[in-house]
Structure formats: structure tokens, C-alpha cells
Amino acid sequence: MVEFRIDRRSGVATYVQIVRQVQQALRLGLLEPGDKLPTAREVVEATAINPNTVLKAYRELERDGLVEARRGLGTFVRKSLGGAPADSPYAAELADWTRRARGAGLEKDDVAALFAAALEKEFPRGEP
14 MVEFRIDRRS GVATYVQIVR QVQQALRLGL LEPGDKLPTA REVVEATAIN
64 PNTVLKAYRE LERDGLVEAR RGLGTFVRKS LGGAPADSPY AAELADWTRR
114 ARGAGLEKDD VAALFAAALE KEFPRGEP
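In our numbering, the protein residues as written are 14 to 141.
This is the structure we're talking about:
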């Protein structure tokens, strides 16, 4: 089951953070079709956010066809998003690279900027 982490200082709307975390879990294979998402009540208890915020995130995920609400049962994953499992060798290489970057004195935002630049170079806007 996914555990949501809400960063109140990020400037990103809370419901968007939930949506993105579910999408990431789907891409990494941490959530698979048939898996149940935490109930709104469980998310509220764990994160101290408004229940309507959780419901808004779940509705957006449902609108995107990623999850489905089953009355009285909960919200379940309908489909996966990708082919980058969490145990991919690329994940280990990236973790090693980020450790080396941090050891070299780079801050989190520096690493994020380098990674974003590399992504943009390899996947220019407009390309899948």
C-alpha cells in the first residue's frame, strides 16, 4: 500500500501531490491493477489533510482511468503506467549517481536541475 508524503512547503497543491505519488507508484510497479488505495480516512489520519482533498485527488485519478471507486469497497487501481520497476538496474545507477553528486557537495535543487536538463536533452518537449 502506498503511504503519502505531503510537503506543505513545496508550493504544489496537496491533491496534486497525491495524484503524482500514485502515478509514480504505478510507474515503478509499486501499485498494480487490483491493488486498493488507502481510504480517504486513512490518508487523513496519516497526513492531517482535509478529506475533500483526498477525494479530489482520487476523482482526478479516476477521470484519468487509473483507478476506479467501488461503492462500499474502496478505490482500486485499474491499470499500470509504465515499465520502470523499482528494482530496475537504472534505479540503482541513479541512486549511486545521486549519492556521488551529494558527496561532491551538490544540493538537492542542483541535482534536480542537472537531472531535469538531462531529461530535456534526451526527451525534448513534444516527444514521448
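From the three backbone atoms N, C-alpha and C, an ideal C-beta is built for every residue, glycine too.
Check whether residue i and residue j have beta carbons under 8 Å apart
i: Gly87; j: Leu39; result: no
i: Arg91; j: Glu106; result: no
i: Leu70; j: Ile31; result: The sequence given here has Ala at residue 70, not Leu. Yes, they are a contact pair.
i: Gly47; j: Phe17; result: no
Proximity winner among the options, relative to residue i (alpha-carbon distances)
i: Pro98; options: Ser23, Leu119, Ala117, Gln36; result: Gln36
i: Val57; options: Tyr28, Ser23, Glu120; result: Tyr28
i: Leu13; options: Gly78, Arg83, Val15; result: Residue 13 falls outside the range modelled here, since the chain spans only 14 to 141, and no answer is possible.
i: Gly96; options: Gln34, Gly42, Arg113; result: Gly42
i: Arg33; options: Leu74, Arg54, Gly78; result: Leu74
Cβ-heavy atom distance, residue i to the ligand ATP, below 7 Å
i: Arg138; result: The ligand ATP is not among the ligands present in this structure, which contains no ligands whatsoever.
Backbone CA spacing between residue i and residue j [nearest angstrom]
i: Glu135; j: Asp123; result: 19 Å
i: Leu94; j: Ser101; result: 15 Å
i: Asp9; j: Val67; result: Because the chain in this structure spans residues 14 to 141, residue 9 falls outside the shown range and cannot be described.
i: Arg22; j: Ala59; result: 18 Å
i: Leu127; j: Arg83; result: 42 Å
i: Pro64; j: Ala117; result: 42 Å
i: Pro137; j: Ala104; result: 22 Å
i: Ala26; j: Arg115; result: 28 Å
i: Ala130; j: Asp77; result: 28 Å
i: Trp110; j: Leu119; result: 11 Å
i: Arg72; j: Glu55; result: 17 Å
i: Arg13; j: Glu133; result: Residue 13 is absent from the structure shown; the chain starts at 14 and stops at 141.
i: Leu79; j: Thr52; result: 16 Å
i: Ala125; j: Gly24; result: 16 Å
Segments assigned beta strand (DSSP E), at least 3 residues, entirely inside the segment 54 to 94: 80 to 83, 87 to 90
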